[in-house]
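Student: Sharing a structure below in structure tokens format, with a few things to ask.
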Amino acid sequence: MTLFTQCIYEFHTSPDTLGISVMSRHTGSNGWSEDLRIKNDSYTWAPDLAPSDSLAGAWYRSQRTGHPMTEQEFTALYLEHLNQDPQKATLDLLLQLVLTTQRKPVLLCVEPRDAFCHRRLLAQRCQELAPQLTVVHL
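When we follow the numbering used here, the leftmost residue of the sequence shown carries the number 14, and every step to the right adds one.
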């Protein structure tokens with residue numbers, strides 16, 4: 014079993030892929046983005062797996078100030094967020110889907126491949142919960 018991660022700007026849907034957007038702030042309340050680089054009909058939106066608005070906001074604000082939040086601080090807060098309901102229940106559903114689907118599951122957010130992001134943390138958490146998973150960052 015393989016779980017893929019990818020920048021949503023580079024994602025191309027096909028019948029054998031299952032795109033799962035885990036974005037928060039870049040997505041409207043209907044799960045669609047106003048960003049024309051994102052093909053809105055190519056993914057399923059899982060907002061429970063995105064960082065909370067307050068955490069995402071704190072991360073982006075900290076990157077513009079002289080007092081950045083560390084990756085370790087963000088990681089701890091995001092993993093704590095995932096361990097609460099409804100996020101925990103949604104994570105359980107995601108794992109069930111990833112382990113049973115015939116399609117190629119791809120976690121999506123806007124960060125580029127090399128960047129630190131919650132998509133990677135989510136994939137690592139999935140692998141911790143289901144060690145049979147392999148994670149590939151596209």
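Just so it is clear, CB atoms sit at the ideal spot from N, CA and C, and this is done for glycine as well.
(1) Answer with buried or exposed for residue 104, where buried requires no fewer than 16 other C-beta atoms within 10 angstroms of its C-beta.
(2) Following the continuous beta strand (DSSP E) through residue 17, name the residue where it begins and the one where it ends.
(3) With contact counted as at least three CB pairs below 8 Å, one residue from each stretch, are the stretch 16–27 and the stretch 126–141 in contact?
(4) Can you give me the C-alpha to C-alpha distance between residue 68 and residue 125, rounded to a whole angstrom?
(5) If I measure Cβ to Cβ from residue 55 and keep anything under 6 Å in the same chain, skipping five residues before and after, which residues do I get?
(6) Looking only at its chain, what residues have a beta carbon closer than 8 Å to the beta carbon of residue 139, apart from the 5 residues adjacent to it on each side?
(7) Quick check on residue 66: buried or exposed, where buried means 16 or more other Cβ atoms within 10 Å of its Cβ?
(8) What separation, rounded to the nearest whole angstrom, lies between the Cα atoms of residue 90 and residue 128?
(9) On the CB-based measure, 16 or more other CB atoms within 10 Å of its CB, does residue 142 come out buried or exposed?
(10) Leaving out the 5 sequence neighbours to the left and right, which residues in its chain are closer than 7 Å to residue 94 when beta-carbon positions are compared?
(11) What is the residue span of the beta strand (DSSP E) that residue 121 lies within?
(12) Candidates 151, 61, 37, 119: which alpha carbon is nearest residue 96's?
(13) Please report the residue range of the alpha helix (DSSP H) in which residue 103 lies.
(14) Using only alpha-carbon positions, find the residue among 30, 75, 47 that is nearest to residue 156.
Tutor: Put simply:
(1) Taking the first residue of the sequence shown as position 1, residue 104 is located at position 91. The residue is buried, with at least 16 neighbouring Cβ atoms inside 10 Å.
(2) Counting from 1 along the sequence shown, the entry for residue 17 is found at position 4. Start and end: 15–20.
(3) Here the stretch 16–27 lies against the stretch 126–141, with 3 or more beta-carbon pairs under 8 Å apart.
(4) On the sequence shown, position 55 is the one that residue 68 refers to. On the sequence shown, position 112 is the one that residue 125 refers to. CA-CA distance, residue 68 to residue 125, rounds to 19 Å.
(5) Here residue 55 refers to the residue found at position 42 of the sequence shown. For residue 55, where only same-chain residues beyond five positions count, the Cβ hits under 6 Å are 26, 32.
(6) Reading the sequence shown from its first residue, position 126 is the one you call residue 139. Around residue 139: 16, 104, 107, 108, 111, 146, 148.
(7) Along the sequence shown, read from residue 1 onward, the residue named residue 66 stands at position 53. Per the 10 Å Cβ criterion, exposed.
(8) In the sequence shown, residue 90 corresponds to position 77, counting from 1. In the sequence shown, residue 128 corresponds to position 115, counting from 1. Straight-line Cα distance between these residues: approximately 18 Å.
(9) Within the sequence shown, residue 142 is the residue found at index 129, counting from 1. With fewer than 16 other beta carbons inside 10 angstroms of its own, residue 142 counts as exposed.
(10) Walking along the sequence shown from the start, residue 94 turns up at place 81. For residue 94, where only same-chain residues beyond five positions count, the Cβ hits under 7 Å are 64, 65, 68, 100.
(11) Translated into positions along the sequence shown, residue 121 becomes position 108. For residue 121, the enclosing beta strand (DSSP E) begins and ends at 117–122.
(12) Counting from one through the sequence shown, the residue named residue 96 turns up at place 83. That would be 61, whose Cα lies nearest to the Cα of residue 96.
(13) Mapped onto the sequence shown, residue 103 falls at position 90. Here the alpha helix (DSSP H) through residue 103 covers 100–113.
(14) Because the chain is modelled from 14 through 151, residue 156 falls outside the range shown and cannot be assessed.
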